[in-house]
Amino acid sequence: MTLRTSLIATTLLATAPAFAADVNVYSHRQPELIAPLTEAFTAKTGINVNVAFMDSGLVERLKAEGDRSPADVILTVDISRLAQAVDAGVTQSIETETLKTNVPAAYHDPAGHWWGVTTRARVVYASKEAVADGEITTYEDLADPKWKGRICTRSGTNSYMIGLTSAYLVHHGAEETKTWLEGVKANLARKPQGNDRAQVKAIWAGECDISIGNTYYMGQMLADEEQKEWADSVRLEFPVFENGGTHVNISGVALTKAAKNLDEATQFIEYLTSPEAQEIYAEVNNEYPIAPGTAASDLVESWGEFTADDLNLMTIAEVRGEALRLTEEVDYDG
């Protein structure tokens, strides 16, 4: 965690009056992305939400603070970060009927240590000019030699890529996963580099025909004057695992082990999982709400329908170490 981040965290949380009804949040998501949520929650309940944004080091800070930590709640993205917090012993279980009603079983920790808020699918960005509509139907197909020299991806050790490889590992086992990684590597048009948006730029520039990326990046690119041209050159395809669905990851929330404001924190976590909050959050971030009966924004809905894989994300998190080992064994980034 940077010094600036540490100072922001200390200042934001220290300035909250001790007598006020408060909930203190450590967040990996930037303040402007969650401000609509916190403001709506305060208006609804009268409880102040003090947010400390941390671009890194959230779990390490909680471990260092121990029982002295002012944080009641952590808000983050990606199952790996949620699992890391659980493994570090800085969270505690919380289960209420409201949470169980709002969050499907696949999107919360079976032991109640974290709860999903929104999802994003990891999909294929396909060149409108070079790839026929519906030509890609499965993740397994990415290893087919027909794509040789046509795929761009970010580093295979990136957390989003490891999440997809972990899901493949759960579906197919280590031997098939290694073969798949070797096949995808053989199909790469260039050395893995950049972020998900950089891969779409490469398609626009004619360096490759397909890439792998999270759905919400389409919304981010469409909102950017320069990047809109990249986005307009591709369409989203929603591949599935054979005998499975489309791989998804989440943004999620957890109650800290050191939480002092338990009632306020419980209300806040329940609110985040409510249809009202999820629709706000999902629209701001171009993601999918997960509470039954909620809908994504018109823009996100326009990308098409898909069936999410039903693997519990904690099952995927448990094999991330093995997925990383296989990725390094095939020298995916080499």
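For the sequence shown, the positions run -20 to -1, 1 to 314 when mature numbering (1 follows the signal peptide of the UniProt record, and there is no 0) is used.
We put the beta carbon where it would ideally sit given N, CA and C, even for glycine.
Everything numeric in this text was worked out from a predicted model, so none of it was measured.
For residue i, collect the residues of the same chain with a Cβ closer than 6 Å to its Cβ; drop the 5 residues on either side in sequence, then sort them by chain order.
i, result
"residue 315", "Given a span of -20 to 314 for the chain in the structure shown, any question on residue 315 remains unanswerable."
"residue 293", "59"
"residue 164", "122, 123"
Give the straight-line distance between the Cα atoms of residue i and residue j, rounded to the nearest whole angstrom.
i, j, result
"residue 189", "residue 28", "48 Å"
"residue 38", "residue 243", "23 Å"
"residue 258", "residue 82", "10 Å"
"residue 199", "residue 171", "26 Å"
"residue 75", "residue 210", "43 Å"
"residue 84", "residue 271", "7 Å"
"residue 108", "residue 215", "6 Å"
"residue 137", "residue 168", "15 Å"
"residue 357", "residue 186", "The structure shown does not extend to residue 357, since the chain is modelled only from -20 to 314, so the question has no answer here."
"residue 241", "residue 262", "26 Å"
"residue 73", "residue 90", "10 Å"
"residue 278", "residue 195", "14 Å"
"residue 23", "residue 16", "11 Å"
"residue 291", "residue 45", "34 Å"
"residue 236", "residue 118", "38 Å"
"residue 5", "residue 66", "16 Å"
"residue 202", "residue 181", "13 Å"
"residue 156", "residue 150", "10 Å"
"residue 233", "residue 20", "17 Å"
"residue 283", "residue 48", "45 Å"
"residue 50", "residue 105", "42 Å"
"residue 34", "residue 70", "16 Å"
"residue 8", "residue 166", "35 Å"
"residue 92", "residue 77", "12 Å"
For residue i, which residues from the same chain have a beta carbon less than 8 Å from its beta carbon, with the 5 sequence-adjacent residues on both sides left out?
i, result
"residue 337", "Shown here, the chain extends from -20 to 314; a query on residue 337 therefore has no answer."
"residue 158", "306, 309, 310"
"residue 173", "134, 135"
"residue 184", "209, 210, 213, 214"
"residue 274", "255, 258, 259, 262"
Taking the alpha carbon of residue i as the reference point, which residue from the options has its own alpha carbon closest?
i, options, result
"residue 226", "148, 21, 184", "148"
"residue 192", "143, 88, 234", "143"
"residue 153", "302, 113, 314", "302"
"residue 362", "248, 260, 103", "The structure shown does not extend to residue 362, since the chain spans only -20 to 314, so no value can be given for it."
"residue 110", "36, 5, 126, 47", "126"
"residue 115", "32, 217, 68, 313", "217"
"residue 228", "34, 40, 87", "87"
"residue 132", "176, 160, 267, 151", "176"
"residue 314", "30, 10, 36, 161", "161"
"residue 206", "224, 220, 219, 178", "178"
"residue 30", "95, 43, 10", "10"
"residue 253", "95, 40, 120", "95"
"residue 113", "287, 92, 219", "219"
"residue 289", "224, 18, 26", "224"
Give the C-beta separation of residue i and residue j to the nearest angstrom, bearing in mind that I take them to be a contact with Cβ-Cβ under 8 Å.
i, j, result
"residue 53", "residue 245", "5 Å"
"residue 250", "residue 55", "Actually they are not in contact, since the Cβ atoms of residue 250 and residue 55 sit about 14 Å apart, beyond 8 Å."
"residue 268", "residue 130", "Going by Cβ atoms, the distance from residue 268 to residue 130 rounds to 28 Å, so no, they are not a contact pair."
Based on the DSSP secondary-structure assignment, which residues constitute the bridge partners of residue i?
i, result
"residue 228", "101"
"residue 168", "131"
"residue 288", "226"
"residue 235", "53, 72"
"residue 88", "95"
"residue 180", "Beta-bridge pairing links residue 180 to no other residue."
"residue 193", "103"
"residue 118", "220"
"residue 7", "33, 55"
Apart from the five residues on each side of it in sequence, which residues of its chain come closer than 7 Å, Cβ to Cβ, to residue i?
i, result
"residue 13", "264, 265"
"residue 300", "60, 142, 146"
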